[in-house]
Every structure is written in C-alpha cells, then in structure tokens.
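Numbering that gives the first Met the number 0 numbers the first residue of the sequence shown as 0 and each following residue consecutively.
Ideal placement from N, C-alpha and C gives every residue a C-beta, glycine not left out.
Bear in mind the structure is a predicted one, so any value in this text is a computation, not a measurement.
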Amino acid sequence: MQVKEIKITDIENIKIGHYSDIENGTGVSVIICENGMGAGSDIRGGGPASRENTLTATFTNTQILHALVLGGGSAYGLDAAGGVMKYLEEHQIGYPVGPGYVPLVAQADIFDLTCGSFDVRPDFKMGYNACINAYKEAYTDGCVGAGTGATVGKFLGMDYCTKTGCGSYAIQIGDIKIGAFVVVNALGNVYDSKGNIIAGLLNQEKNGFLDCEDLLIQNYMKAHDNKFVSNTTIGAIITNASFDKAKLCKIASMAHNGYARSINPIHTSADGDTIYALSTGNVNADCDLVGTFAAKVMSKAIENAVWSSSSNYGIPCAKDIKNGSK
C-alpha cells in the first residue's frame, strides 16, 4: 500500500495554534481536540519541565486530554496551561462537572531562557492567545510558537549554537494518518537521513560543525556541572488510529527512535526529552505499524524544524550556514 505525504492539519479532530513573542525569543504551541484525544507519553530525559503528565500515565484513570501545550520558558512557562484551560472552559470544552467544565491539559517546556530575554516567559495570556490562533491561523513550521527560541549545539555555550524551531511531518497509509510535531532544542547535533550534520555545534569559523562525540571524548575526565541545562526536545505523535493509553505510551516510546536517529547526544540525564502520542480518531490499526512510522515521521519533522528555521538573536540557522551567510 502506498505511503502518501499529507499535512499534519489533515489529521482530523485537531487544531494547532502558536503564539510567538519574537522580541523576547519565546512562545507557546497548543494542540486542541475538542472532544478529547487519547494520550500517552514517554519521558527519556532526566530533567523535564512539565505539568499534568500523570494524566498520560497508564496507572491513572483519565483516558483523554483536551489539549497539549508545548512551550518555552522552562518551568517558568508552565503558567501557559492555565490560559489554555481558561479558553477551553469559556468554550465549554472539557469534562462537564455540575456548573461548568474542567479541561484536561498537559504541558512540556523547553529551556529557551538564554536565547532572547531571560525575564520574559510564556504565561497565562500567551497560552490563551495560542488557542485563539489555533482557530484562525494556518499552521506553519519554523521559529514560531514553542520553537521561537529553540536552538541546538550548545555544548560550548550559546556562542556556537544553531537556530532551530518547531517542525512537522505527516503521512497516510490507507485510512491511517500519522503525524509528528516537534520542538528541536538539543545539546548536540542534528543529522539528516544520510548521516550528515545539518545543525548543531558550530566550528570556530562558524561555517561548519564540530562532532559533539569528539568533544565528549576529549573531555572525558572532566566533570561538567549543569552542562546540559539549556536543552530539551519535546514533541507529539498524532494519529487518527484508535488506541488505549497503554498502546499510546508504547507508540511514544517507539517514536523516541526518531529522536535517536536524528539527534546526538540525546536523552542525557539533564535533558527533558519528551514525546506524547495522541489518538484523535477511531480507525483500526496495528500498534507496531503506527509506532514504526511514528519514528519515521518524527525524524522527518526534526529535519523540517531545522530547514524551516531562520537566523535571529545573533544565532545563524542551517540555511544561512549552508549558503555561506551568517
């Protein structure tokens, strides 16, 4: 059966919106499913900034989310989920509980505080406005929303990193649709499908890239406190296939293979690398098939995040480095 490329917004029952604070280098992205979406997750990094992720755990009774928020600001940015809840409540989206509604909202954030302004973080208002934009804006990849302040290749600090952002990619196999949305904010380098470094740690001339593994080897006897503080890659697999929470957690786990194919180093002890798996439809599908292609679309979404980004805050993007302009 043919595998066809589609837009991530072609997956039914979701709306995706961004709010971008370009001046201060941060923002929020939200994925909304009005009737609720099945949700699981897998956190591989040791230092996530998150809110209500236990809603996606197999041991909790709740089976759905009404929205997933991805943002900047590290732990400071978790206030954005409150604004999302307020918007959903006003539009009667959530569990009906007597006089009102309780929306179920989870969130994960990247560390972008060293990209733009340290003092400006996603907040209640940004989360609310991201919801407004989900209903009126066409979705775009790049340095928008949660990807506004995203960067990669920070092993030697911000002076030698590459500007990235958020990216997406989706496919259809028969009636099954599988998509990925990701915010790329990694310590190490990003590789394409041929094994070439396309973004990451810049060399001294800032016209090419260094191998992070080589630097790890050169410094293997040194202890580096807090060296990974500004890193976390967060993303979501979205499918119209119907799965329970346990299988969605498995799909999220398999999707981490896409991270590992495209980013190195990944899943370090102080990263917060997180993937959610969201089910928005009722199509019958095999969990292993969806998980296998989840890794593929995630890897492609990471590449798209790199190539759709633009230089800003004095940080060059991959396109400008490739073309010889910084």
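Legend entry - Meets three-Cβ-pair contact criterion under 8 Å: the segment 291-302 and the segment 115-135: The segment 291-302 is not in contact with the segment 115-135.
Inset, instruction - Flag I170 as yes if its beta-carbon sits less than 7 Å from any beta-carbon of chain D, otherwise no. - result: The question asks about chain D, but that chain is absent: this structure has only one protein chain.
Inset, instruction - Classify Y100 as helix, strand or coil using the three-state DSSP reduction. - result: strand
Inset, instruction - Go through the segment 85-136 residue by residue and report every complete run of the alpha helix (DSSP H) that reaches 4 residues or more, in order. - result: 123-133
Inset, instruction - May I ask you to verify whether the segment 59-77 touches the segment 101-121, counting CB pairs closer than 8 Å and requiring at least 3? - result: yes
Legend entry - 8 Å contact criterion, which G156 and Y312 should meet: CB distance rounded: Not quite, the Cβ-Cβ distance comes to about 14 Å (not below 8 Å), so this is no contact.
Inset, instruction - Within the same chain, show all residues whose beta-carbon is closer than 6 Å to that of K201, passing over the 5 residues directly before and after it, in chain order. - result: What sits at residue 201 in the sequence shown is Leu, not Lys. Same-chain partners within the cutoff: Y159.
Inset, instruction - Pull up the distance between the alpha-carbon of Q203 and that of Q171, whole angstroms please. - result: 43 Å
Inset, instruction - Return helix, strand or coil for A185, following the three-state DSSP convention. - result: coil
Inset, instruction - Assign C286 to one of three DSSP states: helix, strand, or coil. - result: helix
Inset, instruction - Check the C-beta distance from N303 over to S192 and give it rounded, since I have them as a contact under 8 Å. - result: N303 to S192, Cβ: 12 Å. No contact.
Legend entry - Buried or exposed (CB count within 10 angstroms, at least 16 for buried), Y94: So Y94 ends up on the exposed side.
Inset, instruction - Would you kindly work out how many angstroms separate the C-alpha atoms of G16 and F180, rounded to a whole number? - result: One alpha carbon belongs to G16, the other to F180, and they sit about 12 Å apart.
Legend entry - Three-way DSSP call (helix, strand, coil) for D20 in this model: Assigned with DSSP and collapsed to three states, D20 falls in strand.
Legend entry - Contact under 7 Å by Cβ, A80 with R120: no
Legend entry - Span separating the alpha-carbon of L103 from that of A48: Here the alpha carbon of L103 sits roughly 18 Å from the alpha carbon of A48.
Legend entry - the segment 137-151 / the segment 273-291 touching (three or more Cβ pairs under 8 Å): no
Inset, instruction - Please determine, among T238, I216, A317, the residue with the shortest C-alpha to C-alpha distance to V189. - result: A317
Inset, instruction - Starting from the C-beta of F123, find all residues in its chain whose C-beta is less than 6 Å away, skip the five residues before and the five after it, and write them out in chain order. - result: D78, G81, G82
Inset, instruction - Consult DSSP for V143 and reduce its assignment to one of helix, strand or coil. - result: coil
Inset, instruction - Answer yes or no: do T408 and A198 have a C-beta to C-beta separation smaller than 7 Å? - result: Residue 408 is absent from the model: the chain starts at 0 and stops at 325.
Legend entry - Neighbourhood of W306 by C-beta, 7 Å cutoff - its chain only, sequence neighbours within 5 removed: A317, K318
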